[in-house]
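Scroll down for the structure; my scribbles are underneath it.
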Amino acid sequence: MKTNRLSMAIGFLLLIIFAVLLFMYQVRVTEVAVKTRFGKVVQTIKEPGPGFKLPWPIERIQSFDRRTQTLEDRFEETLTQDGRNLLVMTYLGWSIEEPATFRDRVKEGSTAEAERNLLSMVRSAKNEIVGKYPFSAFINTDKEKLKFSEIEQRILDVVRPQALSTYGIQVHFLGIKRLGLPDNITENVFENMRAERKKQVSIYESEGRSLATTIISAAERERVEKTAVAENEAKRIRGEADAAVSSYYKIFQQEPELAIHLLKLNTLENSLRERATLFLDTSTPPFDLLKRQEQPANK
21 MKTNRLSMAI
31 GFLLLIIFAV
41 LLFMYQVRVT
51 EVAVKTRFGK
61 VVQTIKEPGP
71 GFKLPWPIER
81 IQSFDRRTQT
91 LEDRFEETLT
101 QDGRNLLVMT
111 YLGWSIEEPA
121 TFRDRVKEGS
131 TAEAERNLLS
141 MVRSAKNEIV
151 GKYPFSAFIN
161 TDKEKLKFSE
171 IEQRILDVVR
181 PQALSTYGIQ
191 VHFLGIKRLG
201 LPDNITENVF
211 ENMRAERKKQ
221 VSIYESEGRS
231 LATTIISAAE
241 RERVEKTAVA
251 ENEAKRIRGE
261 ADAAVSSYYK
271 IFQQEPELAI
281 HLLKLNTLEN
291 SLRERATLFL
301 DTSTPPFDLL
311 KRQEQPANK
């Protein structure tokens, strides 16, 4: 009796487990899923956790990895706006955003198939956008002329809405990983870059010479103007001095003895301006004035 009860309990427990497996499902944190009924999608499941479903073949749960996948394109040749050949490799990160669209549009919901479709889309957008920029936007000695960020963003702006609407895929980021030149044009490009740099150097040298000439000319004009002003001032001073000398000369002609006396006094004053001891003959002009001043004192 006890054996029968134990067997019944085990059987009942197995039945419950079977029912749970038959009518319940579990979506993991790293997954998104769709519920289909007779092959048609009836529910999109983006939140992790358990759920209820009817047993197969009525309803079925199909899960997909929702984690971000990274993908690299091949290193392939494309043309710039000015007809130059350029090798470009891109990379991107993507994940499944709309599992129902992904299931319907991607064959068998295959990740490999999704990546093939994405690469085709990226190549088309890359060729389109790269063709709108000149070669100098990719390879240039002037960093200000490089347009990597702008080009990457424009390619992403083309790919992102297409991938989401067509395949239910969200493209999180896209960039240029590598640039290169075909072997047959590498040397020509470097030669053109060297010629461009020499041209730029010539421009700078020409501008420098022009600026130097301007500065020298301005300095020369200023020198001539200041010299002319100084010469005019000197002429004016000489004229005033000549006029003053002329007036004094007329006076001295009338009083020659006074003129000689004043000249001697001026010379004597200049000689004794600094503290000094002089041993001179008082009979020598202008020191004879000292001798004449002493005579009244001896009387």
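Heads up: the sequence shown begins at 21 in this note's numbering, then just goes up one per residue.
Just so you know, even glycine gets a beta-carbon here, dropped at the ideal spot from N, CA and C.
Do residue j and residue i have their beta-carbon atoms positioned less than 7 Å apart in this structure?
| i | j | result |
| --- | --- | --- |
| Val54 | Ala132 | no |
| Ile183 | Ile175 | It is worth fixing the name first, because residue 183 is Ala in this sequence and not Ile. Not in contact: Ala183 and Ile175 (Cβ atoms no closer than 7 Å). |
| Ser83 | Glu135 | no |
| Lys165 | Tyr153 | no |
| Tyr224 | Phe122 | no |
| Met141 | Val179 | yes |
| Ile196 | Thr110 | yes |
| Leu107 | Gly200 | yes |
| Val49 | Ile65 | no |
| Asn147 | Thr98 | yes |
| Pro70 | Met44 | yes |
| Val191 | Trp114 | yes |
| Arg25 | Thr56 | no |
Drop a sphere of 10 angstroms on the beta-carbon of residue i, count the other beta-carbons inside from all chains shown, and report buried for 16 or more, exposed for fewer.
| i | result |
| --- | --- |
| Trp76 | exposed |
| Ile149 | buried |
| Leu194 | buried |
| Ser169 | exposed |
| Ser156 | buried |
| Lys255 | exposed |
| Ala239 | exposed |
| Met28 | exposed |
| Leu282 | exposed |
| Val126 | buried |
| Glu227 | exposed |
| Leu138 | buried |
| Ile379 | There is no way to answer for residue 379, as the model of the chain reaches only from 21 to 319. |
| Asp93 | buried |
| Arg104 | buried |
| Phe32 | exposed |
| Arg333 | Given that the chain is displayed from residue 21 to residue 319, the structure contains no residue 333 and the question cannot be resolved. |
| Glu289 | exposed |
In this structure, does DSSP put residue i in helix, strand or coil?
| i | result |
| --- | --- |
| Val244 | helix |
| Ile159 | coil |
| Gly228 | helix |
| Thr100 | coil |
| Pro119 | helix |
| Phe72 | strand |
| Leu184 | helix |
| Ser140 | helix |
| Asn24 | helix |
| Val126 | coil |
| Gly259 | helix |
| Ala215 | helix |
| Glu67 | coil |
| Lys165 | helix |
| Gly31 | helix |
| Lys152 | coil |
| Arg174 | helix |
Which residue or residues does DSSP assign as beta-bridge partners of residue i?
| i | result |
| --- | --- |
| Trp114 | Gln89 and Val191 |
| Gln82 | Val54 |
| Gly200 | Leu107 |
Report task. Taking only runs that begin and end inside the region 36-65, name each unbroken beta strand (DSSP E) of 3 or more residues, in chain order. Result -> Segments of the beta strand (DSSP E) lying fully in the region 36-65: 44-47, 51-57 and 60-65.
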